[in-house]
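**Q** Position 129 of the sequence shown, counted from 1, bears residue number 387 in my numbering, the numbering being contiguous throughout.
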Amino acid sequence: MPSTNLDLIAQVYQAFETRDFGVIARLFDPDIEINQAAELPWGGCYRGHTGAVRFFTRLLSHIDSTVLSEQLFAAGPDVVQIGRTTGTTMPGGAPFDIPEVHIWHLRNGLVVGYDAYLDTPAMLTALEARR
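(1) For R271, which residues in the same chain have their Cβ closer than 8 Å to its Cβ, ignoring the five residues on either side in sequence?
(2) The alpha helix (DSSP H) that contains N293, what's its start and end?
(3) Check for me: the alpha helix (DSSP H) holding D342 runs from which residue to which?
(4) With a CB to CB cut of under 7 Å and the five nearest residues on each side skipped, what residues in its chain are close to S323?
(5) Start and end of the alpha helix (DSSP H) containing P353?
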């Protein structure tokens, strides 16, 4: 088990990089809440492990992405990640490199909330270019 909240979030990013959703599920509280801008095809509010599966399934059906973390820091019980998301849209393969911020909410050694913010107009432009 991770020793700090920063370690836990580092494990989440490593698991996402390798698409190891079994690890992610173990690090997510059963009542996790995930939020991203509703304008995105995968955006909205997702709750619980079932919601997390829906979020990641929708996300990865539209983009193949990697998170490049530039800063990761603790903010009380939360962890903030500032960086970029890079990759290609699917189908079509339009490239993107977009700034993003992730805010992770933790309690009792598990992720209870994940709020993802990115340059939504830039991502929508990349998604439109894939057509």
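Think of the CB as a built atom: it goes at the ideal place given N, C-alpha and C, for glycine as much as any other residue.
**A** In terms of the structure at hand:
(1) Position check: residue 271 holds Tyr in this sequence, whereas Arg was assumed. Once the five neighbours on either side are set aside, the close Cβ partners of Y271 are V325, S327 and Q339.
(2) Where N293 is concerned, there is no enclosing alpha helix (DSSP H), although the beta strand (DSSP E) it sits in stretches over F286 to Q294.
(3) Residue identity differs from the one stated: residue 342 is Arg in this sequence, not Asp. Element bounds for R342: not the alpha helix (DSSP H) but the beta strand (DSSP E), D336 to T347.
(4) T343, T344 and G345
(5) Counting along the chain, P353 falls outside any alpha helix (DSSP H), though it belongs to the beta strand (DSSP E) covering P353 to R365.
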